[in-house]
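Residue numbers (my numbering): -18 to 528. Have a look at the structure below before the remarks.
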């Protein structure tokens, strides 16, 4: 419902191309090996060509046959000789033919009146003046237009019965009794013509609607073939070769393995020399991989590339890799960036938590999880706690292949507690305070974020960068002191050997350090705010001359 001539014409063009598509598919060139087979009396099609023909050719050929009458109907109904204007062919209906002939007669009469107006006005006006014929005046249809308004006074010299309709920047609009009558008849005939045509269009569209199932089947085949051609085009014209992935059962013991994987979109960017990386996610051994590394180092691209490779493999595409073995996944769940949804009253952090909750509810052992930076938007301790708990749950209770990119370096300790957790990091080289991203993923954790280096690359003011470095050193020293106190407490304070060594060599520094640790351990740090903690630590340090 609601269709018209434009929609009818689009269906007509599609119907014309269905037999062309079927013909092109039938002429698929065989491979060299299949050519040899043809010479020996074989069919001559490669395995791929035979599969494509079997899948698409019968349906497309049947659609072409079924749409032949539709094409004949549209060619009889539509006047395609005046494209892009679309009208019913006047010869399709007897009354429409009569109206078309009458319209042609009136149009010819108006043209004759235009010529006579130019000739008559030229005799009374000074110089050469061209009177235009405007055919689209909203109120009057056809009117004359005198392009030079200064000559309006000459109109009455030409004819006393001239009627000036309007004066515009483009000229003086006027008419004559003969043109007025002809324009009226033209408007009436055109209105009747359009009414008659609308009825015919409705009938034609009603008939065309009976072909809807045929169009639906043909469109489904064409769209599927188009998708496959697009994937083949991407693989054939990629900067580096694609490979045919091996699709394995979901419980395959070899796990998910990709050699030289690349991101199919990022590698297409101009001026990008993509660094390929490997993936190995084996259930019980390395199913959860924690990826750490510097900002802008390539963590997000690395984990997202695997998601793209798995999806491409399961839709039947070649994939951007040197080799790939992909156990079939029941779903790919990703948390790769949250945004505010203020119209729903949802903050960035809440959106992130909702996504994480959905992953925890729906993930199975046969899923693939891609998690990028979970736990931001809240305090460091809360964020780390959530990231740890989620990672631990995925490793213990779910066990599906998971890539988890994080800046919580403390999370890498999970590898020591869970056999299925492995650490990897994206590498970077720092020399003379300058960072160079290598984009290579290597085993083990990265214990630096290089955030301040990235700030320098963003051209932060030098004073801000210096302040950031100073504060970072203070916090790192604070963490080291906390670790020392913890170790001191667990060791039971001063042991006899320390006391004997201190007494024997009279080491003032050792005695001061022990006193500092004792005083520091006595501080109620858990009851203090962060600012109070730092002040208290400095006070103890000054009292023991450690600062």
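Every residue, glycine too, gets a C-beta built ideally from N, C-alpha and C. Just so we're clear, the structure is a prediction, and the values are computed from it rather than from any experiment.
For the alpha helix (DSSP H) containing residue i, name the first residue and the last one.
i	result
residue 260	Per DSSP, residue 260 belongs to no alpha helix (DSSP H); it is in the beta strand (DSSP E), 258 to 262.
residue 433	432 to 438
residue 186	158 to 190
residue 214	193 to 217
residue 128	No alpha helix (DSSP H) holds residue 128; DSSP gives it neither H nor E.
residue 112	That residue, residue 112, is in no alpha helix (DSSP H); its beta strand (DSSP E) goes 112 to 118.
residue 80	75 to 105
residue 135	135 to 139
residue 529	Because the chain in this structure spans residues -18 to 528, residue 529 falls outside the shown range and cannot be described.
residue 345	Segment: none, residue 345 is in no alpha helix (DSSP H) and carries neither H nor E.
residue 398	Careful: residue 398 lies outside any alpha helix (DSSP H) and carries neither H nor E.
residue 282	280 to 295
Rounded to whole angstroms, what's the CA-CA distance from residue i to residue j? Just pull it up for me.
i	j	result
residue 190	residue 180	15 Å
residue 54	residue 216	41 Å
residue 0	residue 37	12 Å
residue 302	residue 241	5 Å
residue 386	residue 210	34 Å
residue 479	residue 503	Legend: pLDDT at residue 479 = 48, less than 50; position of this residue unreliable, value from coordinates given subsequently. Whole-angstrom Cα-Cα distance: 20 Å.
residue 258	residue 421	7 Å
residue 183	residue 116	28 Å
residue -8	residue -16	11 Å
residue 118	residue 165	12 Å
residue 407	residue 390	13 Å
residue 429	residue 29	50 Å
residue 41	residue -2	10 Å
residue 364	residue 296	36 Å
residue 356	residue 196	50 Å
residue 69	residue 281	57 Å
residue 120	residue -11	31 Å
residue 125	residue 93	13 Å
residue 358	residue 271	20 Å
residue -6	residue 52	9 Å
residue 516	residue 262	47 Å
residue 23	residue 44	Any reading at residue 23 must be qualified, since the residue scores a pLDDT of 43, below 50, and its modelled position is unreliable; no value is offered.
residue 278	residue 412	16 Å
residue 12	residue 31	Unreliable placement is indicated for residue 12, whose pLDDT of 48 sits below 50; the coordinate value is still reported in the next sentence. Roughly 11 Å separates the two Cα atoms.
residue 451	residue 226	50 Å
residue 235	residue 418	32 Å
Am I right that residue i and residue j are in contact with their C-beta atoms under 8 Å? What's the rounded C-beta distance?
i	j	result
residue 275	residue 431	4 Å
residue 8	residue 34	Contact flag wrong, Cβ pair sits at about 10 Å.
residue 360	residue 269	24 Å between Cβ atoms; not a contact.
residue 267	residue 310	That belief does not hold up - the Cβ atoms of residue 267 and residue 310 are roughly 16 Å apart, past 8 Å.
residue 290	residue 304	About 11 Å separates the two Cβ atoms, so there is no contact after all.
residue 380	residue 346	5 Å
residue 264	residue 255	Incorrect: roughly 29 Å between the Cβ atoms, too far for contact.
residue 187	residue 221	With a Cβ gap of about 54 Å, residue 187 and residue 221 do not count as contacting.
residue 145	residue 133	7 Å
residue 203	residue 2	7 Å
residue 112	residue 160	Rounded, the Cβ-Cβ distance is 11 Å, inconsistent with contact.
residue 344	residue 314	6 Å
residue 80	residue 173	6 Å
residue 167	residue 84	7 Å
residue 437	residue 388	Wrong, their Cβ atoms sit about 18 Å apart, outside the cutoff.
Just curious, the beta strand (DSSP E) that residue i is in, first and last residue?
i	result
residue 423	415 to 424
residue 403	402 to 412
residue 34	Not the beta strand (DSSP E): residue 34 falls in the alpha helix (DSSP H), residues 28 to 47.
residue 240	237 to 242
residue 386	383 to 386
residue 352	349 to 353
residue 273	269 to 273
Tell me, which residues are paired with residue i by DSSP?
i	result
residue 224	300
residue 309	According to DSSP, residue 309 bridges with nothing at all.
residue 147	154
residue 59	69
residue 315	351
residue 229	308
residue 122	118
Taking C-alpha atoms, which residue in the options lies nearest to residue i?
i	options	result
residue 292	279, 283, 403, 307	307
residue 260	239, 157, 251, 254	239
residue -14	47, 3, 60, 48	60
residue 273	80, 409, 300	409
residue 127	140, 151, 105	151
residue 138	413, 524, 105	105
residue 287	338, 79, 352, 207	352
residue 383	312, 102, 71, 218	312
residue 86	149, 101, 171	171
Heavy atom of the ligand ZN less than 6 Å from the Cβ of residue i, yes or no?
i	result
residue 45	Only the bare structure without any ligand can be found here, which leaves the ligand ZN out of the picture.
Using a Cβ-Cβ distance under 7 Å, would residue i count as near chain C?
i	result
residue 213	The structure shown has no chain C; it contains just one protein chain.
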